[in-house]
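In our numbering, the protein residues as written are 1059 to 1360.
The beta-carbon is built from N, C-alpha and C at its ideal position, and this holds for glycine as well.
These numbers were taken from a predicted model, which means no experiment stands behind them.
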């Protein structure tokens, strides 16, 4: 029998969710992972490939009736949500998952917040973060102990989705002050911290972690060192210029996802969503990978 309580993970077939499951198993915890009935066999195999008799897969969806979802949660004491999606998932789905966790008798809930400091933002700063803020408001009054894990921006997002690096043109572009500190963490290290929080009976409230705190200038240096490539550092404008560009694109775009990467960048380079403190020291056994080593392992052509 495990010395740890059982942990329930929703979104287990996603990139972060799968890493959270692995991190929990690595720590010796029993895990019940929610897998959507329509999830691909490859995603299911990636979980079963972990090869642990402490891992149980249950089929279901966070939009299932709360009573049925509560049966899936079962005897898990902590429910972790690593789901991604629109407001139907982030707001409504997580509210349903919270109700199911309450019905099942769980004690703690870790929502899919995983971002920079959303507590410091205002509505309209980032429409995807707005959904997480709405979900947080909907959790008010729950008898469960809600614990938010914040990680800044994922390394993977900084080197991919943000569109900062153009390997073909040999450039790294940025907005704002190049010396503004940014909170950055890899997906794997975010998962490791989340597992540590889930298994820490004293963890509560909002906990903030970062693999590295670095400026855009330092990020540029780390990407060059890790890739062995020389990249021109291009300054696109101030944080106010970026805000104006977001407004310009919002006025003409038919899809807000066309400019959401710019909203994420503004929240960071403006300093508005910067962590005031870090809780890394709470879990000294987690040693985050550096940005340089991450790029060395993932940069194209290396």
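* Between the beta-carbon of residue 1120 and the beta-carbon of residue 1089, is there less than 7 Å? -> no
* Rounded to a whole number of angstroms, what is the C-alpha to C-alpha distance between residue 1295 and residue 1321? -> 14 Å
* Determine the direct distance from the alpha carbon of residue 1259 to that of residue 1293, and round the result to whole angstroms. => 45 Å
* C-beta atoms of residue 1325 and residue 1154 nearer than 7 Å -> no
* **residue 1178 beta carbon near the ligand SAM (any heavy atom closer than 6 Å)** => Among the ligands in the structure shown, none appear at all, so the ligand SAM cannot be discussed.
* **residue 1091 beta carbon less than 7 Å from that of residue 1124** => no
* **Three-state class that DSSP yields for residue 1269 in the structure shown** => coil
* Asked: Hey, out of 1208, 1244 and 1308, whose CA is closest to residue 1270's CA?
  -> 1244
* Asked: Per DSSP, residue 1229 forms a beta bridge with which residues?
  -> 1224 and 1290
* To do: Would you mind sorting residue 1345 into buried or exposed? The rule is 16 or more other CB atoms within 10 Å of its CB.
  => exposed
* Roughly how many angstroms separate the alpha carbons of residue 1161 and residue 1217, rounded to a whole number? -> 41 Å
* **C-beta contact flag for residue 1246 and residue 1077 at 7 Å** => yes
* What is the DSSP secondary structure of residue 1193, reduced to helix, strand or coil? -> helix
* Asked: Assuming residue 1352 contacts residue 1266 under a Cβ cut-off of 8 Å, what Cβ separation, rounded to an integer in Å, is found between them?
  -> 20 Å between Cβ atoms; not a contact.
* Among residues of its own chain, excluding the 5 on either side of residue 1335, which ones have a beta-carbon nearer than 8 Å to its beta-carbon? -> 1266
* Of the listed residues 1327, 1130 and 1310, nearest to residue 1164 (C-alpha basis) -> 1130
* Excluding the five sequence neighbours on either side, which residues of its own chain have a C-beta within less than 8 Å of the C-beta of residue 1316, listed in chain order? -> 1307
* **6 Å CB neighbourhood of residue 1052 in its chain, flanking five on each side removed** => There is no way to answer for residue 1052, as the model of the chain reaches only from 1059 to 1360.
* Distance, Cα to Cα, residue 1159 vs residue 1145? -> 20 Å
* **Cβ-based burial, residue 1169 [other Cβ within 10 Å; buried from 16]** => buried
* Asked: Along the chain, which unbroken stretches of the alpha helix (DSSP H) at least 4 residues long are found entirely within the region 1142-1219?
  -> 1152-1162 and 1185-1196
* To do: Can you tell me which of the three DSSP states residue 1347 falls into?
  => coil
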